[in-house]
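Engineer: The structure is given below, and queries will be raised subsequently.
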Amino acid sequence: MVRACMSLLFGLAVLFLVPALALAQAPQRGGTLASIVNPEPPILIVGLNNQGPTLMVGGKIYQGLLRFDHDLKPLPSLAKSWTISADGRTYTFKLEETVRWHDGKPFSAEDVVFSLTKWHTELNPRSRAVLQRMAAVTAPDRSTVVIQLKEPFEPLLLMFDATALAIMPKHIYDGTDFRTNPMNQTPIGTGPFKFKEWQRGQYIQLVRNEDYWKPGLPYLDAIIYRVIPDAAQRAVALETGVVQLAQSNDIEPFEMPRFRALRNFEITGKGWEMFSPLAWMDLNLREPPLNDKRFRQALISAIDRNFIRERIWHALGRVPTGPIASTTRFYDKDVPLYPHDPERAKKLLDDMGLKPDSRGVRAHLKNLALPYGEVWMRTAEYVKQALAKVGIEVTIESTDAGAWAQRLGEWQYQTSFNFVYQWGDPTLGVARTYVSSNIQKIAFTNTMGYANPTVDDLFARAATAPTASDRQKLFSQVQRILAEDVPVVWLLELEFPTIHDKRLKHVVSEGVGTNASFEDVYFAK
Amino acid sequence: MGRLDYLAKRVLKALVILLAIAVMNFCLIRLAPGDPASVIAGEAGAADAKYMEQLRHQFGLDLPLSSQLWIYVKNVVALDLGFSYRNQRTVAAMVFERLPATLLLTLTAFALALAGGIFLGVLAATHAGSWADSLITVLALGFYATPLFWVGLMLILLFSVNLGWVPAFGMEQVGQGLVGIERSLDIAHHLILPAITLGLFFVAIYARLTRASMLEVRDMDFVRTARAKGLSEHRIVRVHMLKNAILPVITFAGIQAGQLVGGSIVVETVFAWPGIGRLAFEALLQRDYNLLLGVFFLTSVMVVVFNLLTDLVYSLADPRIEVAA
């Protein structure tokens with residue numbers, strides 16, 4: 005009887021609740037979203053500039069052929085469907101036919117061909133490496149694009165997100181000097197939002213594209229990105245409701261406990277799957293004793309990476325096991341692990357013959373601190389303390405961003421910190437750090453000077469292996485070798501929080517997080 | 163020597179000085195490690211050799227340093243501040259877009275500091291030894307010793323976050339489309355906190371300078387004479403004492419006027435004020451050489467102009483001081 009009553013009550017509740025929920029979730033049209041852009045981008049043309057802020061604002065204006073969900077499964081965008089030939093060398097995209105540029109001109113396959121063969125090959129260092137694998141890009145008709153590859157390249161589709169290959173208007177740029185085109189001040193895209201105004205130093209305003217090719221979208225009337233250079237002020241802006249959305253590193257991790265306690269905010273770490281930034285301690289392997297594997301294993305054992313996660317990053321992110329982030333395809337956790345173990349570190353140093361001197365010091369290291377905010381400085385200070393406990397004395401060197409990138413690029417450092425994006429696939433975002441062909445005097449290459457022919461070979465074979473399972477085997481091998489070798493000390497799979505007003509819905513729905521188009525973001529009443 | 167003659171000579175000298183400053187700025191900036199290409203590569207998180215080469219070529223960094231300097235000096239002489247390749251806009255456009263905001267902020271703060279400082283200084287001097295004097299002295303010392311950004315943050319915390327009286331940052335309401343009087347009032351409302359923050363430090367200096375100088379003048383014969391003539395205390399303070407005590411304040415105000423832009427970097431950053439100080443700071447971090455040189459050059463011009471003005475004000479305040487080049 006009681007049970008029957010309960011189920012009746014439950015049924016009634018469902019009866020009343022479901023329509024109520026459905027009502028609450030029906031997207032509302034209208035409203036202006038105020039958010040933060042930091043630092044202020046120099047220009048909004050994706051390709052001419054590929055910094056985070058440019059991609060975030062540009063992601064509302066420009067679109068790619070595809071979008072990606074949190075599992076990095078491709079979804080249609082400018083391409084409504086696509087097919088891959090059996091040999092994995094021919095990709096055919098069918099494009100949406102009613103798309104118009106913001107200036108009213110029709111969008112066509114020619115724009116895609118232009119973007120792939122001219123715009124991004126000329127300008128975008130990230131895409132260039134992949135575009136060189138294409139033998140031909142053709143447009144048999146207005147709404148079809150065919151890409152012929154020189155050899156199979158399984159991760160190809162991942163490149164068609166707007167953050168990597170935004171489609172640019174051929175009618176504006178073809179035949180001009182891309183970098184000095186006067187239209188660079190007024191971006192023209194196909195996206196749900198149009199560029200309206202940019203008051204330098206104050207804000208960038210985007211407005212609804214009334215002629216957007218998806219009827220009824222977007223929901224928001226406008227998006228305003230405010231330039232707020234000071235971290236404390238960004239937190240104030242969010243807390244006082246002047247802005248309703250903060251992302252990336254807008255809010256310092258040490259503010260997290262406060263925002264978690266506030267009821268009117270939603271916080272998520274999702275939306276970084278495409279990038280999966282992995283932070284590590286960069287080691288210049290040309291310098292002894294860093295060239296000794298035992299020394300590197302001692303470093304990673306001496307550092308309590310859980311402490312870094314818990315105390316410095318306030319429980320954001322995860323402790324990595326190796327070079328591939330756990331949020332990325334082909335991650336394998338079955339590798340040599342390094343739990344916090346100072347005794348093991350000391351033993352390794354003993355084995356190397358590094359005996360403590362009268363002050364207990366076995367070795368000296370210099371650390372070129374990463375000038376990307378308070379939290380990196382604290383990480384450097386913690387590492388200094390942790391390594392001191394096993395007899396390694398660390399001197400922290402301060403620089404600004406320009407000097408840091410230059411010194412890293414010229415290999416003028418012993419240790420530093422760095423974090424790079426993985427771009428959804430180890431071939432796209434991980435291999436570059438460890439293959440010897442990418443030892444270059446440029447930051448974000450293999451600046452450590454790590455060279456291992458087996459690793460080179462495995463990454464090369466994994467790039468062109470035809471199926472995902474073939475690739476998985478190769479990547480699993482490479483992860484085990486790298487985890488044994490410790491070419492860098494992996495510290496943290498970074499997770500940047502997206503914090504927003506609870507009334508704002510559908511904010512993070514793609515693998516690129518707040519870089520997405522925001523066509524379906526709305527304010528619930 | 164006439165005032166015009168004097169002015170012409172000073173302007174001529176100023177031009178030579180400015181040219182020397184331009185050359186020095188150029189050399190100083192190049193001493194910092196890192197260049198725009200490495201910064202951009204660092205921000206984008208990806209680079210290859212072709213990309214770096216393209217950037218360096220675009221920025222003209224592949225030319226020998228001496229040719230770069232020569233090009234820069236030629237441009238400065240032609241009053242051309244160059245092009246910011248990073249922002250794809252002329253430096254002049256960027257700088258003049260941001261200059262009004264800085265001038266508004268700094269001149270308001272300057273006026274506030276002068277008026278407030280002199281008033282408090284006079285008040286302290288005329289009540290020397292009283293509790294009011296002690297209070298002003300202690301406050302002045304406090305303001306003098308406290309970093310600007312901290313004062314700014316505390317004011318924000320109290321007046322914006324807790325009381326909600328004034329906006330915490332920005333120069334005006336965004337996306338409201340205000341015009342005319344409404345917009346001016348809105349900007350004035352936003353101006354309150356940053357102007358006070360920037361002004362407080364100098365209020366302290368002026369208050370102390372005025373107080374000391376007033377006390378010195380107080381016991382001089384002409385003040386005693388004035389008092390003996392039976393003039394009102396109010397008139398004695400205003401006409402006889404203050405007029406004679408004001409010179410050191412003017413000297414310092416002249417120096418401060420030159421420093422205003424520099425001091426505003428912190429305040430502009432804390433209050434998200436879209437001024438030239440922040441522009442300079444960002445240009446420095448990004449190694450946007452042309453833009454940074456442009457801001458440096460313009461601020462140098464302002465320092466030179468303010469110095470000139472100070473000297474002229476001297477002679478107005480005290481006709482015994484002669485203008486001589």
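Chains as they are written, first to last, in the numbering used here: chain L, 5 to 529; chain R, 163 to 487. All C-beta atoms in this analysis are idealised placements derived from N, C-alpha and C, irrespective of residue type, glycine included.
Along chain L, in chain order, which residues have C-beta atoms closer than 7 Å to that of GLU259 of chain R?
Structural biologist: ARG204
Engineer: Please go through the same chain and pick out, in chain order, the residues whose beta-carbon is closer than 6 Å to the beta-carbon of ALA302 of chain R, but skip the five residues on each side of it.
Structural biologist: ALA366, ALA369 and ARG370
Engineer: Smallest Cα separation from MET403 of chain R: which of R:ASP381, R:ILE191 and R:LEU355?
Structural biologist: R:ASP381
Engineer: Please classify HIS124 of chain L: is it buried, with 16 or more other beta-carbons within 10 angstroms of its beta-carbon, or exposed?
Structural biologist: Its Cβ being crowded by 16 or more others within 10 Å, HIS124 of chain L is buried.
Engineer: When we look at the beta-carbon of MET452 of chain L and count the other beta-carbons within 10 Å, is it buried (16 or more) or exposed?
Structural biologist: buried
Engineer: Under the rule that 16 or more other beta-carbon atoms within 10 Å means buried, what is ALA38 of chain L, buried or exposed?
Structural biologist: Burial call: buried.
Engineer: Quickly, what does DSSP pair SER39 of chain L with across the bridge? List them, please.
Structural biologist: L:TYR229 and L:LEU249
Engineer: Would you mind reading off the limits of the beta strand (DSSP E) that contains TYR216 of chain L?
Structural biologist: Premise fails: TYR216 of chain L is in no beta strand (DSSP E) and is neither H nor E.
Engineer: Starting from TYR342 of chain L, trace the alpha helix (DSSP H) in both directions and tell me its first and last residue.
Structural biologist: No alpha helix (DSSP H) contains TYR342 of chain L, which DSSP labels as neither H nor E.
Engineer: Using the C-alpha atoms, what's the distance from VAL178 of chain R back to THR431 of chain L?
Structural biologist: 58 Å
Engineer: Output the distance between the C-alpha atoms of LEU70 of chain L and ILE171 of chain L, rounded to the nearest integer angstrom.
Structural biologist: LEU70 of chain L and ILE171 of chain L have their C-alpha atoms roughly 11 Å apart.
Engineer: For chain L, find out if any of its Cβ atoms is closer than 7 Å to the Cβ of SER346 of chain R; answer yes or no.
Structural biologist: no
Engineer: According to DSSP, is GLU497 of chain L part of a helix, a strand, or is it coil?
Structural biologist: strand
Engineer: With respect to 6 Å, is the separation between the Cβ of ILE192 of chain L and the closest non-hydrogen atom of the ligand ATP below this value?
Structural biologist: By its list of ligands, the structure shown contains no ligand whatsoever, and the ligand ATP lies outside what it can speak to.
Engineer: Applying a beta-carbon distance threshold of less than 7 Å, which residues of chain R neighbour GLY413 of chain L?
Structural biologist: Around GLY413 of chain L, the beta-carbon contacts reaching into chain R at under 7 Å are SER200.
Engineer: Applying the criterion that 16 or more other CB atoms from any shown protein chain within 10 Å of the CB defines a buried residue, is GLU344 of chain R buried or exposed?
Structural biologist: exposed
Engineer: Return the chain-ordered list of same chain residues with a C-beta closer than 6 Å to the C-beta of VAL472 of chain R, the five sequence neighbours on each side being excluded.
Structural biologist: Contrary to the premise, residue 472 of chain R reads as Thr rather than Val in this sequence. Within the same chain, GLY416 come within 6 Å of THR472 of chain R by CB-CB distance, once the 5 residues on both sides are set aside.
Engineer: Just how far apart, CA to CA, sit SER280 of chain L and HIS74 of chain L?
Structural biologist: 11 Å
Engineer: Which chain L residues are close to PHE188 of chain R, counting only those with a beta carbon under 9 Å from its beta carbon?
Structural biologist: Near PHE188 of chain R there are no residues of chain L at all, since even the closest Cβ is about 17 Å away, more than 9 Å.
Engineer: When the Cα of ARG277 of chain L is compared with those of L:PHE463, L:PRO196, L:ILE304 and L:ASN519, which residue comes out closest?
Structural biologist: According to the sequence provided, residue 277 of chain L is Glu. The question's Arg does not apply to it. Closest in alpha carbon position to GLU277 of chain L, among L:PHE463, L:PRO196, L:ILE304 and L:ASN519, is L:ASN519.
Engineer: Helix, strand or coil for ALA26 of chain L per DSSP?
Structural biologist: Reliability of the predicted coordinates at ALA26 of chain L is poor, the pLDDT of 47 falling under 50, and no value is obtained from them.
Engineer: Does any C-beta atom of chain L lie closer than 7 Å to the C-beta of GLN250 of chain R?
Structural biologist: yes
Engineer: Is there a C-beta anywhere in chain L that falls below 7 Å from the one on GLY291 of chain R?
Structural biologist: no
Engineer: So, do the region 229 to 246 of chain R and the region 483 to 492 of chain L have three or more beta carbon pairs nearer to each other than 8 Å?
Structural biologist: no
Engineer: Take PRO375 of chain L and list the residues in its own chain whose beta-carbon comes closer than 7 Å to its own, dropping the five residues that flank it on each side.
Structural biologist: Contacts found: THR403, ASP404, ALA405 and TRP408.
Engineer: Please classify LYS84 of chain L: is it buried, with 16 or more other beta-carbons within 10 angstroms of its beta-carbon, or exposed?
Structural biologist: exposed
Engineer: Is ASN187 of chain R helix, strand or coil when you go by DSSP?
Structural biologist: Look at ASN187 of chain R here: in three-state DSSP terms it is helix.
Engineer: Would DSSP call ALA487 of chain R helix, strand or coil?
Structural biologist: Note on ALA487 of chain R: pLDDT 42, under 50, position unreliable in the model; no value is reported.
Engineer: Please name the residue, chosen from R:ASP197, R:ALA390 and R:GLY279, that lies closest to ILE358 of chain R on a Cα-to-Cα basis.
Structural biologist: R:GLY279
Engineer: Using Cβ-Cβ distances below 9 Å, what residues of the region 30 to 51 of chain L are close to chain C?
Structural biologist: Absence of chain C from the displayed structure is noted, the protein chains being L and R.
Engineer: Threshold first: 4 residues or longer. Then list the alpha helix (DSSP H) segments lying entirely within the region 148 to 199 of chain L, N to C.
Structural biologist: 166 to 169 and 174 to 177
Engineer: CA-CA distance, SER513 of chain L and GLY275 of chain L?
Structural biologist: 7 Å
Engineer: How would you list, in chain order, the residues of chain L whose beta-carbon sits under 7 Å from the beta-carbon of GLY196 of chain R?
Structural biologist: Within 7 Å Cβ-Cβ: GLY406, ALA407, ALA409 and GLN410.
Engineer: Does the CB of VAL434 of chain L have a neighbour CB from chain R at under 7 Å?
Structural biologist: Against chain R, the CB of VAL434 of chain L has no partner CB under 7 Å away; the residue lies outside that interface.
Engineer: Is ALA319 of chain L closer than 7 Å to LEU498 of chain L when the C-beta atoms are compared?
Structural biologist: no
Engineer: Just to make sure I have the definition right: I need the residues of chain L whose C-beta is within less than 7 Å of the C-beta of GLN220 of chain R. Which are they?
Structural biologist: Residues of chain L passing the Cβ test: ARG183.
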